[in-house]
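Worksheet: the structure to be examined is printed underneath.
Number of protein chains: 2
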Amino acid sequence: MKASETFVKTFKTISKDETAISAQYLLRAGYIHKEMAGVYTFLPLGLKVIENIKDIIREELNAIHCQEISMTALQNPEPWQKSGRWADQDIDIWFKTELSAGGEVGLAPTHEEPITNMMKKYISSYKDLPAYVYQFQTKFRNELRAKSGILRGREFLMKDLYSFSADDASHMKFYHQVEEAYRTIFDRLNIGDSTYQTFASGGIFAKYSHEFQTVLPIGEDTIYYNQDKSVVLNEEVLNDEVLNEMGVTRDELESTKSAEVANIFTLKYKYSKPLDLNFINQDGEREYVTMGCYGIGVSRLMGVIAEKFADDKGLIWPESIAPFRYYLIAIGDQATNIANDLHSQHPDLFYFDDTDNRPGAKFADADLIGLPYRAVISDKTLQDNKIEITNRLTGQTSLLTIDDFVAKL
Amino acid sequence: MKASETFVKTFKTISKDETAISAQYLLRAGYIHKEMAGVYTFLPLGLKVIENIKDIIREELNAIHCQEISMTALQNPEPWQKSGRWADQDIDIWFKTELSAGGEVGLAPTHEEPITNMMKKYISSYKDLPAYVYQFQTKFRNELRAKSGILRGREFLMKDLYSFSADDASHMKFYHQVEEAYRTIFDRLNIGDSTYQTFASGGIFAKYSHEFQTVLPIGEDTIYYNQDKSVVLNEEVLNDEVLNEMGVTRDELESTKSAEVANIFTLKYKYSKPLDLNFINQDGEREYVTMGCYGIGVSRLMGVIAEKFADDKGLIWPESIAPFRYYLIAIGDQATNIANDLHSQHPDLFYFDDTDNRPGAKFADADLIGLPYRAVISDKTLQDNKIEITNRLTGQTSLLTIDDFVAKL
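Chain order of the listed sequences is A and B. Numbering of the first sequence is given in the numbering used here, commencing with residue 294 and proceeding in unit increments. Numbering of the second sequence is given in the numbering used here, commencing with residue 294 and proceeding in unit increments.
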């Protein structure tokens, strides 16, 4: 992409109502635009980051035989009434609206009910199990307060996966496959080392659920951990019984703020029973389907990664999800010709700042936008036919001959 | 994809409330699932068709320097109040809801207002123009009646593109580029020959808009055309003044039912004036930005193409958007081994029906699901080491040696 061809500009300042550093930088650098509190448009660079995160998640889920679909925002109340999650006193974050033709509908805050309902069409025998179905979908949650930019939105993008199994053993086998896939995903997103699989409260049918919590000073959650004993607990399960079971004392735990980026839940019959999703087992008996659900907050992840790696100059994207690999700056006519060639041969690798901004402004924008590498060609580097590559994270600079650089692309 | 690995099944019959043949087949073949009238989930095969249509549109729009973003469903009333499109008596298809924190919000039926509002941040000088920005976005329209499956939905997928230009001349230049891009898109979707660019009513700032209408017996529109004079009119502009201008008489026109798959509109100042999107021109004077908007109904297109090519046995997808190219059937153990090899080497080309259904049921499903080619390997074809390829559209069958077939993949 050439900077001169995009409508987006960077800004030195923005309105003061954004407190999270990630939100400030994402707005200033032109990744997102705020429609209202908790509701953000993704601009070209931001959409590329989102699509890159989705691609990584999609690859890892497809590898464990999950199938992608796309469900709807508008929700028929009926299945939600059956599960007891329609009334505003039960679920307080619904957006509800009315059909012209009559009848109330809601905007999906999650999709357990409609997918359980849909699977009644497709599951009737043990031969139809297991089934693993996921989507990337916009979720709507009518939060009283929405802050921290895309870390907690009223409209946000989630990956939600649902598993349908015949029994506990096959359910748990898949549950562990998802744990593994999630660890791979967070490794690929460069937050594997700071993302902990955490015990959290489980609900009716399971003692625990698991959350994936990324250490983050502005996170909304608090986790308690003991690295020697590999124990990580959400605050909500920090009680004597659980500590005893885990073999740790309260004194042995350290705490940190964190952001929940994913969760996995054994639902068992929580939705299959009220919605009557059942199958005939190998003995000819009718049983409820054992379900699990597995979420990843896609737009939140973008915010967490932005927040986590930012420094005092701007964003720093991991290579795996950066919108482009190189922020390309040319100083002088000959350098500009070479930069134009590089860009036209590899438009997906280079964000070429071909504006008439002064070099200092371009260097500042390179730091703000935070691509993994800055690539500078100038009359000075061209004396040795070289290009200067600077790592945005480490600040390390190296000079490569242009031929060597091109050969490595 | 292997049929045994997908949760989706085909059905011989469905409930009788779907009248469109495309909706019946799409539901029976497992491309879509009905959540409620006008609201459909896309299943794995359906999502692939949608993504293939999006890829074609994206390629052609990127080629004319359009930039992709993703806006939001939730809408702040303010810009819509300024343009006079918020009140229910002005726009009767709004879904509206309330924020917990107080205040009404709407679900976007289209995005002229929020994008005009957003571009105020990015456009201030003639140097910032032109800008071409598009998205694939779910739109919400509170239709009193929703019928014909995905041909007219309450929640549906649209590509909407907006252009921002300095003057009429540069606006019209881009308008013609979009006309050309749209013709290429419809050619690639195999409906170029039956899709007419049609004069329709233009609104305040332009005499005409243009629609792209695909001839379709169950279409909601009627177009009037004279092929010799290359005149195609929407019913809404069929009056003496227009006929006179076009140089045709009413008697020279034939009519047909059609479905609107796209439209292009000169908006000029319709939104830039009330929302005060202006710029400083080369003479230092302040002017309103000249706008255009350009829509394509993505999910509707899927319905139109399904409806248009279907026969009495099922769907028939054009190769450019089919979810897979071959419906692979193996009869006998040796054939199954070869089919497994073919599928594992080209999982994106083959939908391998490895179920234990009888061959007759597999042939019927191949016709219903409507991939461009059926590929059959059996003990009989293997006597000459061959595979039987049948074109779903023409019914033509040819026998190829497996080596020749593999070489062509």
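Each residue gets a CB set at the ideal place from its N, CA and C atoms; glycine is no exception. If you're wondering where the values come from, they're calculated on a predicted model, not measured in any experiment.
If the five residues before and after E311 of chain A are omitted, its C-beta is found closer than 7 Å to the C-beta atoms of Q317, L320, G442, all from its own chain and listed in chain order.
DSSP lists A:T488, A:A552 as the bridge partner or partners of T507 of chain A. About 5 Å separates the beta carbon of A632 of chain B from that of L621 of chain B, a gap short enough to meet the 8 Å contact definition. For E361 of chain A, the secondary structure class from DSSP, reduced to helix, strand or coil, is strand.
Here the alpha carbons of A628 of chain A and T431 of chain A stand approximately 44 Å from one another.
Counting C-beta atoms within 10 angstroms of its own C-beta, L509 of chain B has 16 or more neighbours from the protein chains shown and is therefore classed as buried. For secondary structure counted as the alpha helix (DSSP H) over 4 or more consecutive residues, the stretch 375-420 of chain A holds these complete runs in sequence order: 405-412. For the C-beta of D660 of chain A, not a single chain B residue is nearer than 7 Å; the gap to the nearest is close to 21 Å. Along the stretch 528-608 of chain B, the alpha helix (DSSP H) occurs as fully enclosed runs of 4 or more residues at 533-539, 591-602, listed in sequence order. For N483 of chain A, no beta strand (DSSP E) encloses it, and the DSSP letter there is neither H nor E.
For I362 of chain A, the chain B residues whose Cβ falls inside 7 Å of its Cβ are T334, F335, L336, P337, L340, in order along the chain.
Rounded to whole angstroms, A668 of chain B and Y619 of chain B show a C-alpha spacing of 6 Å.
Here the stretch 608-618 of chain A makes contact with the stretch 482-497 of chain A; the two share three or more CB pairs at distances below 8 Å. Of all residues in the stretch 307-335 of chain B, only G323, H326, E328, M329, A330, G331, V332, Y333, T334, F335 place a beta-carbon less than 9 Å from a beta-carbon of chain A. Annotation: Q430 of chain A is outside any alpha helix (DSSP H); the continuous beta strand (DSSP E) that includes it extends over 424-433. Close to P407 of chain A, with beta-carbon spacing below 7 Å, are these residues of chain B in chain order: E328. Separation of F505 of chain A and E553 of chain A (C-alpha to C-alpha, rounded to the nearest whole angstrom) is 6 Å. In the DSSP assignment, R321 of chain A falls within the alpha helix (DSSP H) that extends over 314-321.
Note that the stretch 327-344 of chain A touches the stretch 357-377 of chain B; at least 3 beta-carbon pairs, one per stretch, sit closer than 8 Å. Bounds of the alpha helix (DSSP H) holding F698 of chain B are 695-701.
With 16 or more neighbouring CB atoms inside 10 Å of its own CB, S458 of chain A falls in the buried class. DSSP places D626 of chain A in no beta strand (DSSP E) but in the uninterrupted alpha helix (DSSP H) bounded by 626-638.
For A659 of chain A, the enclosing alpha helix (DSSP H) stretches over residues 652-662. The stretch 447-461 of chain A and the stretch 390-409 of chain A touch, with three or more beta-carbon pairs separated by less than 8 Å.
With contacts defined by Cβ atoms closer than 8 Å, F449 of chain A and G590 of chain A form a contacting pair. Contact between the stretch 524-544 of chain B and the stretch 575-583 of chain B is not established, with fewer than three Cβ pairs separated by less than 8 Å. At least one C-beta of chain A is nearer than 8 Å to the C-beta of E298 of chain B. For the pair P402 of chain A and I386 of chain A, the CB atoms are nearer than the 8 Å cut-off.
Contact residues of the stretch 362-384 of chain A toward chain B are I362, S363, M364, T365, A366, L367, N369 (C-beta to C-beta distance below 7 Å). According to DSSP, residue pairing for I670 of chain B in a beta bridge involves B:A623. If you draw a straight line from the Cα of K563 of chain A to the Cα of Y501 of chain A, it is about 14 Å long. Not flagged as an interface residue toward chain B: M451 of chain A, since no C-beta distance is shorter than 8 Å. In the same chain as N435 of chain A, and ignoring 5 residues on each side of it, the C-beta atoms closer than 7 Å to its own belong to I386, W387, F388, R447, in chain order.
Within the same chain, V541, E545, L546 come within 6 Å of N519 of chain A by CB-CB distance, once the 5 residues on both sides are set aside. Distance from the CA of Y468 of chain A to the CA of I557 of chain A, rounded to the nearest whole angstrom, comes to 8 Å. Counting along the chain, N369 of chain A sits inside no alpha helix (DSSP H), nor does DSSP assign it H or E at all.
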